[in-house]
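Residue numbers (the working numbering): 1 to 518. All remarks here apply to the structure that follows.
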Ligand code: XMP
């Protein structure tokens, strides 16, 4: 998939802000295609992409400090509209001759902002609106040619514009949902100021992808890594529609799947399912367990699982004969979070991207969903006619239960977490909460503690229950599950799952926690 998937493109230049992906997602919600690039990206490369607009993200630095991320002044002279957000706004002022200083009052949280609704940025926005502020520096003097179009009680320049040059700066974060009219402001920028018509739609994405895949593959043979999760299922069906029997799907049961999941996947994608794929199931449980024996370090576990996956595929490929392409269900957040896209620190190397060894024995990798956010993958899935219960199934990480078992993975621990998780899911469904919670699962801590059962002292594991509400999986809040439901789950797990004598509920939001435990 080249980058030319939409003619209308807005570029987000990332200065290390925590909300970089949110900016891109919000822009796409306005039906404008958007990609994230590091501030280190050369201006020539940016120019070559012919963006309709450029958005500069926030970031953790002070733009007046030596060595702080910056961008050449030329960026503001291309005639392409630029919107700076937070750090991006300060940088724009700094580079163009304004002044940024440490703020006398640090603003953080929901803040009342007064906007000039005559600015194209604030068309249809209320004069007094709530925004999300997070800054310790402020714009003390705007650059020549700019005028102030918003302020707060503590911040004299909450937004500024140079309308003639199409340059806009916003001190707050319109991409965060706490900014009540934020999407409207971004829409005003991309649709109004940049003049994008808004042609980015899932049906055309699916149609174009199928066409591109067909052209790329020709009469080649394709092997697809099918995990049964949303991403790889959507990728597999897209490929099946594009090239039919040239596609072979290999489903590796690595022994780290949820209870009964292997059979469920086979029921859908196997010979008796609705899709006529070439389907091969490899039962490789023992192989993965022995590779993981004694390994405790999370990144090491991810790498091992990822590499072993590839090995199994290589072996299958040899059996099948020459294979030209390998399909992976990588999605855009995987790319960005693995440090290959924007500027954010590598938080976790998602196995789809980070764990891929150099010696892959295929000509090329096809990643049809590489440019999509999760909600867009789901839309693509529906577009492809995949049943809703599959499209809206919970996300499940590639390394599976391997990263829901803290520390060493053993067959026994897998059994414990599978059984506990099955009970948890059953009770959540019984309580009618399964569609309301973004993601929920049981994990196994490596803590053992003393308990008492009957008249016996026990020394067993603690299971942790996780349930989060999230829109984009970049930020998340612990879900409020009724106490009775949690209690039922707790007593069922302790009574029914051998080896567990304690159950915790994880209250941590993301950030600072992550959704998974490793
Ligand atoms: P975290 O733990 O990073 O998870 O907050 C965010 C979302 O990503 C899923 N996840 C993964 N998905 N390979 C995947 O395909 C992985 O290695 C991986 N790690 C986390 C996680 O389940 C959540 O939905």
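Using N, Cα and C, we set each Cβ at its ideal position, and we do this for glycine too.
Residue 121 in three-state terms, based on DSSP: To locate residue 121, count along the chain shown from 1; it is residue 121. Residue state, collapsed to three classes: helix.
Whose C-alpha, out of 296, 316, 275, 268, is nearest the C-alpha of residue 284? Reading the chain shown from its first residue, position 284 is the one you call residue 284. Looking from the CA of residue 284, the closest CA among 296, 316, 275, 268 belongs to 316.
Per the DSSP calculation, residue 439 is bridged to which residue(s)? For this step, residue 439 is matched to residue 439 along the chain shown. The partner list for residue 439 (beta bridge, DSSP) reads 468.
Hey, is residue 514 close to ligand 1, as in C-beta under 7 Å from one of its heavy atoms? Sequence index remark: in the chain shown, residue 514 carries index 514 (1-based). Because some heavy atom of ligand 1 lies under 7 Å away, the Cβ of residue 514 counts as near it: yes.
Closest Cα partner of residue 151 within the set 143, 167, 127: As a working mapping, residue 151 is identified with position 151 in the chain shown. The candidate whose alpha carbon is nearest that of residue 151 is 127.
Taking the Cβ atom as the reference point for each residue, do residue 440 and residue 428 lie within a distance shorter than 8 Å? Taking the first residue of the chain shown as 1, we reach residue 440 at position 440. Taking the first residue of the chain shown as 1, we reach residue 428 at position 428. It is a contact, given that the beta carbons lie within the stated cut-off.
How would you call residue 518, buried or exposed, if buried means at least 16 neighbouring beta carbons within 10 angstroms? Taking the chain shown and counting its residues from 1, the one referred to as residue 518 is at position 518. Buried, by the Cβ-count rule.
Residues bridged to residue 281 by DSSP? Working through the chain shown from its first residue, we reach residue 281 at position 281. According to DSSP, residue 281 bridges with 251.
DSSP three-state assignment for residue 380, whether helix, strand or coil: The residue labelled residue 380 in the question sits at position 380 within the chain shown. Helix.
Integer Cβ distance of residue 281 from residue 266, believed to fall under 8 Å: The residue given as residue 281 occupies position 281 in the chain shown. The residue given as residue 266 occupies position 266 in the chain shown. 6 Å between Cβ atoms; contact.
Sort out for me which residues DSSP pairs residue 33 with in a bridge. Start at 1 with the first residue of the chain shown, and residue 33 comes out as number 33. For residue 33, which the question treats as bridged, DSSP gives the partners 9.
Close-in-space but distant-in-sequence residues of the same chain around residue 18 (CB under 6 Å, 5 per side omitted): The residue given as residue 18 occupies position 18 in the chain shown. Excluding residues within five positions, none has a Cβ falling inside 6 Å.
Looking at the unbroken beta strand (DSSP E) that takes in residue 134, where does it start and where does it end? Here residue 134 corresponds to residue number 134 of the chain shown, with the count starting at 1. Counting along the chain, the beta strand (DSSP E) containing residue 134 begins and ends at 128-141.
With distances taken from CA atoms, which of 495, 395, 503 is nearest residue 446? On the chain shown, position 446 is the one that residue 446 refers to. Selected option, being the one with the closest Cα: 503.
Is there at least one non-hydrogen atom of ligand 1 closer than 7 Å to the beta-carbon of residue 473? Mapped onto the chain shown, residue 473 falls at position 473. Within the cutoff, so yes.
Taking the C-alpha atoms as reference points, what is the distance between residue 14 and residue 123? Walking along the chain shown from the start, residue 14 turns up at place 14. Walking along the chain shown from the start, residue 123 turns up at place 123. Going by the C-alpha atoms only, they are around 26 Å apart.
Identity of the residue in 478, 200, 260, 205 nearest residue 228 by Cα: Position 228 of the chain shown holds residue 228. Ranking the options by Cα distance to residue 228, first place goes to 260.
Please name the residue in 395, 399, 268 whose C-alpha comes closest to that of residue 386. Working through the chain shown from its first residue, we reach residue 386 at position 386. Of the candidates 395, 399, 268, the one whose C-alpha sits nearest the C-alpha of residue 386 is 268.
Inter-residue CB distance, residue 329 and residue 173 (contact presumed, cutoff 8 Å): Within the chain shown, the letter at position 329 stands for residue 329. Within the chain shown, the letter at position 173 stands for residue 173. Incorrect: roughly 30 Å between the Cβ atoms, too far for contact.
Residue environment, residue 461, which counts as buried when at least 16 other CB atoms sit within 10 Å: Your numbering for residue 461 matches position 461 in the chain shown. Looking at its Cβ environment, which holds 16 or more other Cβ atoms inside 10 Å, residue 461 is buried.
Since residue 55 contacts residue 96 with CB under 8 Å, what's their CB separation in whole angstroms? As a position in the chain shown, residue 55 is number 55, starting the count at 1. As a position in the chain shown, residue 96 is number 96, starting the count at 1. Residue 55 to residue 96, Cβ: 16 Å. No contact.
Suppose contacts are defined by Cβ-Cβ distances below 8 Å. Is residue 372 in contact with residue 332 by that definition? Your numbering for residue 372 matches position 372 in the chain shown. Your numbering for residue 332 matches position 332 in the chain shown. Cβ distance < 8 Å, so residue 372 and residue 332 count as in contact.
Any non-hydrogen atom of ligand 1 within 7 Å of residue 403 CB: Translated into the one-based positions of the chain shown, residue 403 becomes position 403. Proximity of the beta carbon of residue 403 to ligand 1 is indicated: a heavy atom of the ligand is located closer than 7 Å.
Answer yes if the segment 214-223 comes into contact with the segment 181-193, meaning at least three C-beta pairs across the two stretches below 8 Å, and no otherwise. no
What is the DSSP secondary structure of residue 510, reduced to helix, strand or coil? Stepping through the chain shown from its first residue, residue 510 is reached at position 510. Note: residue 510 maps to strand in three-state DSSP.
Indicate whether the contact test is met: 3 or more Cβ pairs, each with one atom in the segment 197-212 and one in the segment 113-121, closer than 8 Å. no
Nearest-angstrom Cβ-Cβ length linking residue 158 and residue 146, presumed shorter than 8 Å: In the chain shown, the residue the question calls residue 158 occupies position 158. In the chain shown, the residue the question calls residue 146 occupies position 146. Residue 158 to residue 146, Cβ: 13 Å. No contact.
Quick check on this structure: which residue in 320, 290, 32 has the alpha carbon closest to the alpha carbon of residue 308? Taking the chain shown and counting its residues from 1, one reaches residue 308 at position 308. The shortest C-alpha separation from residue 308 is found at 290.
Looking at the structure shown, is residue 259 part of a helix, part of a strand, or coil, going by DSSP? By one-based count along the chain shown, residue 259 stands at place 259. Residue 259: coil per DSSP, three-state reduction.
Sort 336, 31, 275, 239 by Cα distance to residue 204 and report the nearest one. Within the chain shown, the letter at position 204 stands for residue 204. Of the candidates 336, 31, 275, 239, the one whose C-alpha sits nearest the C-alpha of residue 204 is 31.
Any idea what DSSP makes of residue 473, helix, strand or coil? As a working mapping, residue 473 is identified with position 473 in the chain shown. Residue state, collapsed to three classes: coil.
For the segment 490-499 against the segment 407-426, do three or more pairs of beta-carbon atoms, one drawn from each stretch, fall closer than 8 Å, so that the two count as touching? yes
Following a CB-centred definition, is residue 141 positioned closer than 7 Å to any heavy atom of ligand 1? In the chain shown, residue 141 corresponds to position 141, counting from 1. Residue 141 Cβ: outside cutoff for every heavy atom of ligand 1.
May I have the straight-line CA-CA distance separating residue 366 from residue 393, to the nearest angstrom? The residue given as residue 366 occupies position 366 in the chain shown. The residue given as residue 393 occupies position 393 in the chain shown. Using only the alpha carbons, I get a separation of about 23 Å.
Proximity below 8 Å, CB of residue 131 to CB of residue 113: On the chain shown, position 131 is the one that residue 131 refers to. On the chain shown, position 113 is the one that residue 113 refers to. It is a contact, given that the beta carbons lie within the stated cut-off.
Buried or exposed for residue 233, going by 16 or more other Cβ atoms inside 10 Å? Within the chain shown, the letter at position 233 stands for residue 233. When all chains shown are included, residue 233 counts as buried.
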